[in-house]
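Colleague:
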Amino acid sequence: GRRVNELKKHQKMEVIERRLRVGVHNGLAYISAPLTVHLVPQEEIMTGTQSLRRKARSSSKGPNRPPSHHSLVVRSRISLPIVKDPRFALVFSVDFLLGVR
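No gaps in the numbering here: position 36 of the sequence shown is 36 in UniProt numbering, and each next residue is one more.
#1: Where does I45 fall in DSSP's three states?
#2: Is DSSP giving K84 helix, strand or coil here?
#3: Decide yes or no for the touch test of the region 4–14 against the region 86–93: beta carbon pairs closer than 8 Å, at least 3 of them.
#4: Along the chain, where does the beta strand (DSSP E) containing R21 start, and where does it finish?
#5: In this structure, does DSSP put H10 in helix, strand or coil?
#6: Should G27 go down as buried or exposed, given a rule of 16 or more other Cβ atoms within 10 Å for buried?
#7: What does the Cβ neighbour count give for G99, buried or exposed, with the cut at 16 atoms within 10 Å?
#8: With a threshold of 6 Å on Cβ separation, who are the neighbours of V94 within its own chain once the five nearest residues in sequence on each side are excluded?
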């Protein structure tokens with residue numbers, strides 16, 4: 001049958017997954033496959049102990065700090081090769097996987 005790309009009244013689009021891709025680029029291509037890590041909303045990480053929440057709140061205060069519900073964080077460390085050449089750039093890309101609920 002024919003597939004219709006319309007949302008029904010009770011359906012909503014939502015973000016299913018967020019990924020950060022980071023790699024060293026030479027202007028034509030990545031010098032190696034970019035590293036891909038999952039991003040999670042900071043509020044998901046802050047569901048831990050009260051002391052963690054207090055620490056996050058106190059460190060997030062300030063005029064230039066976005067609210068935690070708008071912040072995405074990486075739970076793991078990122079390690080990339082260091083290239084000391086001005087013709088190379090560190091490229092960040094955020095991918096969102098959307099789905100219907």
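We put the beta carbon where it would ideally sit given N, CA and C, even for glycine.
Modeller: So, from the data block:
#1: Helix, per DSSP.
#2: Note: K84 maps to coil in three-state DSSP.
#3: Between the region 4–14 and the region 86–93, the count of C-beta pairs closer than 8 Å stays below three; the two stretches do not touch.
#4: Unbroken beta strand (DSSP E) run through R21: M13 to H25.
#5: H10 falls in the coil class under three-state DSSP.
#6: If you draw a 10 Å sphere on the C-beta of G27, you find fewer than 16 other C-beta atoms in it, and that means exposed.
#7: By the 10 Å Cβ count, G99 comes out exposed.
#8: Excluding positions up to five away in sequence, the list reads L20.
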